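Trainee: Quick one: structure below, then a few questions.
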């Protein structure tokens, strides 16, 4: 990918919000991140119209799982493409057409098998686009503003999860499921229109001196002039904590959101408050991220240590929900968890970007999205298999912390040798 001219990094006072590319990136990223939140309601609506609610829920699981399974491979394709802008255009336009086809297939209630396969294709093709938007941000943002830039990247994700369901809820008043899926299709045109011009016409260039590839890799050897693309993502050992953290945060978010109806019922409150508390989770996350963006330059701890400590706070909040016996207590701990979850997302992005070469960025960021989905699946499995909600939440917190601790322990000496951030 081609970034702005190198002199941009030499500005005496680096800028972010006043640069021409920023708002184009922000709009493109919002379109890239809003599709999946829209799918959680739009596909239930379409599936219910085709064959009942259970089939709608099944379509959501197919869409989410397929997207998670293919994200890393799609990111690898974008990283290795000779002309990534053209590949993005093909992905975006083809995804638009596939979603339009899905809307038509569902409207005419064609074979459930055909609708299911089309749903899987709709999720598989654009799997690398969310990771690409984060990779573009790295190329354009001044290194001195990286923490602030990644903070806003995390905020864009939260905005997507706030706006996506709202858009679909508004469209549902027409009682025409195809309109909801068509709205999902339109998001890919937004990605192509706003994010596309920021993507270069050549492959990502290696970093000067090959930093982020040599000393962090498993063998400790230099990655060479290809920016480390000849090595696998997992060969860069300092990337392990940020990848493992993606599993942990997926478990935490799904555990909290899925447990809310049960926790509220246990306090005697209406389960309808669950949706409002999810919004509280996102809102406090945005507040926490803004605070972290301001404080980050003054924090001297290594970024992977920062993220682990933040994860401890997240999982402590998850555990605290177990002992919440009033709606107020549930709301407070949901808010506290959100305050730490979104900055945690920022930290794991910074950590990953610092530990891999430029030629693996889109693949690496896409892997984070995929591993978040894996964590969500693990959390859902724990909730399904463990009958008691309190035990399930404690187990989710323990497993998430253990996964992250193991990854951090595996690279502890390298982190210590790295000193500060």
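Numbering (the numbering used here), first residue to last: 11 to 431. Every residue gets a Cβ at the ideal spot worked out from N, C-alpha and C, and that includes glycine. Everything numeric in this text was worked out from a predicted model, so none of it was measured.
1) What residue range is occupied by the uninterrupted alpha helix (DSSP H) comprising residue 83?
2) Quick check: the Cα distance between residue 447 and residue 62, rounded to an integer number of angstroms?
3) Let me know if residue 318 comes out buried or exposed under the rule of 16 or more other beta-carbons within 10 Å of its beta-carbon.
4) Helix, strand or coil, according to DSSP, for residue 355 in the structure here?
5) Give the single residue among 390, 40, 346, 369 whose Cα lies nearest to the Cα of residue 90.
6) Quick one, which of 335, 406, 80, 243 has its alpha-carbon nearest residue 263's?
7) Excluding sequence positions up to five away, which residues of its chain have a Cβ less than 7 Å from the Cβ of residue 103?
8) DSSP three-state label for residue 121, please.
9) Who are the near neighbours of residue 228 in its chain, counting only those whose CB is closer than 7 Å to its CB and skipping five residues on each side?
10) Can you tell me whether residue 305 is buried or exposed, with buried defined as 16 or more other CB within 10 angstroms of its CB?
11) Residues in the same chain with beta-carbon distance under 6 Å from residue 41, minus the five sequence neighbours each way, listed in chain order, please.
12) Is residue 142 buried or exposed, if buried means 16 or more other CB atoms sit within 10 Å of its CB?
13) Output the distance between the C-alpha atoms of residue 234 and residue 348, rounded to the nearest integer angstrom.
14) Rounded to a whole number of angstroms, what is the C-alpha to C-alpha distance between residue 130 and residue 288?
15) Take residue 398 as the anchor and find which of 273, 180, 412 has the nearest alpha-carbon.
16) Leaving out five residues on either side along the sequence, give the residues of the same chain with a beta carbon under 6 Å from the beta carbon of residue 252.
17) Which residue from 145, 68, 78 puts its Cα closest to that of residue 366?
18) Using C-beta distances below 6 Å, list every residue in its chain close to residue 77, excluding the 5 sequence neighbours before and after it, in chain order.
19) Around the C-beta of residue 416, are 16 or more other C-beta atoms found within 10 angstroms, so that it is buried, or is it exposed?
20) In the DSSP assignment, find the alpha helix (DSSP H) that holds residue 282 and state where it starts and stops.
21) Can you list, in chain order, the residues of its chain whose CB lies under 7 Å from that of residue 413, leaving out five sequence neighbours each side?
22) Residue 392 lies in the alpha helix (DSSP H); which residues open and close that run?
23) Compute the Euclidean distance between the alpha carbons of residue 35 and residue 355, then round it to the nearest angstrom.
24) For the candidate residues 169, 51, 161, whose alpha-carbon lies nearest to that of residue 70?
25) Is the beta carbon of residue 158 less than 9 Å from the beta carbon of residue 135?
26) Using 10 angstroms around the beta-carbon of residue 151, count the other beta-carbons present and answer buried if the total reaches 16, otherwise exposed.
27) Inspect the beta-carbon positions of residue 377 and residue 392 and report whether they are closer than 9 Å.
28) Grab me the residues of residue 190's own chain with a C-beta within less than 6 Å of its C-beta, minus the 5 sequence neighbours each way, in chain order.
29) Is the distance from the Cβ of residue 342 to the Cβ of residue 266 below 9 Å?
30) At 3 residues or longer, and completely inside the segment 291-351: list those beta strand (DSSP E) runs for me, N to C.
31) What's the C-alpha gap between residue 168 and residue 195?
32) What do you get for residue 338, buried or exposed, if any count of 16 or more other CB atoms within 10 angstroms of its CB means buried?
33) So, are the CB atoms of residue 110 and residue 60 less than 9 Å apart?
Mentor: The relevant details are as follows:
1) Here the alpha helix (DSSP H) through residue 83 covers 63-90.
2) Any question about residue 447 goes unanswered here, given that the chain covers just 11 to 431.
3) Buried is the call here.
4) In the structure shown, residue 355 sits in a helix (DSSP, three-state: H, G or I).
5) Residue 369 holds the alpha-carbon nearest to the alpha-carbon of residue 90 among 390, 40, 346, 369.
6) In terms of Cα proximity to residue 263, the closest of 335, 406, 80, 243 is 406.
7) Short of 7 Å from the beta carbon of residue 103, and not among the five residues preceding or following it, lie these beta carbons of its own chain, in chain order: 202.
8) The DSSP-derived three-state label of residue 121 is coil.
9) Confidence in residue 228 is poor, its pLDDT being 39 and thus under 50, which makes the residue's placement unreliable; the coordinate value appears in the next sentence. 245, 247, listed in sequence order.
10) Flag for residue 305 reads exposed.
11) Closer than 6 Å at the Cβ level, and outside the excluded window around residue 41, lie 197, 200, 201.
12) Counting C-beta atoms within 10 angstroms of its own C-beta, residue 142 has 16 or more neighbours from the protein chains shown and is therefore classed as buried.
13) Unreliable placement is indicated for residue 234, whose pLDDT of 38 sits below 50; the coordinate value is still reported in the next sentence. Approximately 41 Å between the Cα atoms of the pair.
14) Distance between the alpha carbons of residue 130 and residue 288 is about 27 Å.
15) Restricting attention to 273, 180, 412, the CA atom closest to the CA of residue 398 is found in 273.
16) In chain order, 358, 361, 362 place their CB closer than 6 Å to the CB of residue 252, counting only its own chain and leaving out the 5 sequence neighbours on each side.
17) Closest option to residue 366, Cα to Cα, is 145.
18) Cβ within range, chain order: 133, 137.
19) So residue 416 ends up on the exposed side.
20) The continuous stretches of alpha helix (DSSP H) do not include residue 282, and DSSP gives it neither H nor E.
21) Cβ neighbours of residue 413 beyond the five flanking positions: 254, 257, 258.
22) Taken as a continuous stretch (DSSP letters only), the alpha helix (DSSP H) holding residue 392 covers 371-395.
23) When rounded, the distance between both Cα atoms is 19 Å.
24) Minimum Cα distance to residue 70 is reached at 51.
25) Not a contact, by the Cβ cut-off of 9 Å.
26) By the neighbour-count rule (16 or more Cβ atoms within 10 Å), residue 151 is buried.
27) Not in contact: residue 377 and residue 392 (Cβ atoms no closer than 9 Å).
28) Answer for residue 190: 52, 55, 178, 181, listed in chain order.
29) No, they are not a contact pair.
30) Here no run is fully enclosed.
31) Cα to Cα, residue 168 sits roughly 20 Å from residue 195.
32) Flag for residue 338 reads exposed.
33) No, they are not a contact pair.
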